[in-house]
Amino acid sequence: MSTIKLVRNDTGPQLRFTLTDSLTGAAVDLTGATVTLHLRAVDTTTVLLSRNATIPAPATNGIAVLAWQTTDLDIAAGEYEGEVEIVLASTLRETIFDLLQFTVREDFT
Amino acid sequence: MATTTLNIKLQTVALSKRLVVAIGDFLIIKLLTDTVTTAENLNRATTKSLADPALTSEIISVAPNKILTESIALDDGGQLYFSQNYLVDNGDYVSALGKIYTLFKAISEPITTSENYITAMAKILTDTPLVSSSGLLCNQNYFVDSTYFSEDYVGESRAFS
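Respectively, the protein sequence lines represent chains Y and G.
Just add 5 to the spot in the first sequence (first one is 1) and you have my numbering.
Just add 653 to the spot in the second sequence (first one is 1) and you have my numbering.
Laid out in structure tokens, this is it:
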């Protein structure tokens with residue numbers, strides 16, 4: 006998975022997560038589910054951010070969109086990694102094994 | 654000879670979720686502006702303040718009521734005694750010192766009287782009669798002399814009032 010490049014203090018771009026079953030390829034029904042991105046700096050253990058993604062209708066499409074909030078990316082320039090956690094309506098918790106890679110650079114102003 | 658090992662092949666598939674991440678703008682954030690215009694109606698509400706001051710006056714009256722209490726104690730305290738006591742001893746009366754009995758009966762009878770003041774109001778009526786009379790009192794007379802016609806009328810007359 007390619008590295009997602011971000012600029013400090015930005016509120017975009019948004020991230021769209023498409024969740025499918027690894028065996029059948031069918032979309033995961035996200036009705037009543039929560040999709041959360043946990044962000045931390047590389048080689049650290051402290052979670053800097055936990056942001057819930059929005060699940061647009063219909064939730065059966067398995068799509069969740071994460072929109073950065075104003076201070077979400079107010080972090081120092083560097084390398085970060087993200088973990089996507091899904092909690093289905095059945096309270097089943099499943100975390101994507103592969104981590105997302107982020108690179109944040111300083112903004113000019 | 655060809656030997657084939659009939660091993661059981663195990664294939665395990667983890668039914669995990671696959672994540673595909675796309676970058677872009679997917680949610681349209683609408684900035685909604687709601688302009689609310691309110692009109693102010695100026696109505697002058699005139700109300701009459703009603704006030705009813707109640708004046709009270711205190712009338713202090715003296716109600717004389719004298720409670721008379723008279724306690725009467727009667728005491729007929731006295732001594733009843735016998736000047737001599739006669740004792741019969743062997744058939745003879747022996748004079749001895751008389752026994753004195755002291756009689757004392759305290760009689761107390763409290764009497765309470767109350768005095769009621771009643772104001773009897775009567776109107777004093779005065780009627781002063783005023784009688785007056787006026788006129789001319791005439792007394793006829795007979796002709797006696799030549800002065801008969803000197804008067805207004807034959808006789809004498811008195812004017813009274």
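By construction, the Cβ of each residue, glycine as well, lies at the ideal position given by its N, Cα and C atoms.
| query | result |
| --- | --- |
| Cβ pair count under 8 angstroms reaching 3, the segment 683–695 of chain G against the segment 36–53 of chain Y | no |
| DSSP-derived helix/strand/coil call for Ala64 of chain Y | helix |
| Limits of the beta strand (DSSP E) - the one that Gly17 of chain Y falls within | No beta strand (DSSP E) contains Gly17 of chain Y, which DSSP labels as neither H nor E. |
| As assigned by DSSP and simplified to three states, the class of Thr25 of chain Y | strand |
| Residues near Ala32 of chain Y by beta carbon distance below 6 angstroms, same chain, minus five either side | Thr25, Asn66 and Gly67 |
| Endpoints, the beta strand (DSSP E) within which Tyr85 of chain Y is located | Gly83 to Val92 |
| Chain Y contact residues for Lys670 of chain G, given Cβ-Cβ distances below 8 angstroms | Leu24, Thr25, Asp26, Ser27, Val33, Ile91, Glu99 and Ile101 |
| Below-9 angstroms beta-carbon distance, Gln4 of chain Y vs any chain G residue | With chain Y running from 6 to 114 in the structure shown, residue 4 of chain Y is simply not present. |
| Distance between Arg56 of chain Y and Glu88 of chain Y (C-alpha atoms, nearest Å) | 11 angstroms |
| Under 8 angstroms by beta carbon: chain Y residues contacting Leu680 of chain G | Gln19, Thr59, Pro61, Val70 and Ala72 |
| Residues near Thr114 of chain Y by beta carbon distance below 6 angstroms, same chain, minus five either side | none |
| Where Ile777 of chain G falls, given that 16 or more other Cβ within 10 Å makes a residue buried | exposed |
| Coarse secondary structure for Phe813 of chain G, derived from DSSP in three states | strand |
| Chain G residues whose Cβ lies nearer than 8 angstroms to that of Leu105 of chain Y | Val674 |
| N- and C-terminal bounds of the beta strand (DSSP E) containing Ile676 of chain G | Lys670 to Gly677 |
| Asp34 of chain Y versus Ala675 of chain G - alpha carbon distance | 19 angstroms |
| Of the residues Y:Val47, Y:Arg21 and Y:Gly30, the one placed nearest Ala81 of chain Y, counting alpha carbons only | Y:Val47 |
| Cβ neighbour criterion (16 or more within 10 Å) applied to Ser814 of chain G | exposed |
| Element boundaries [beta strand (DSSP E), containing Asn57 of chain Y] | Val52 to Asn57 |
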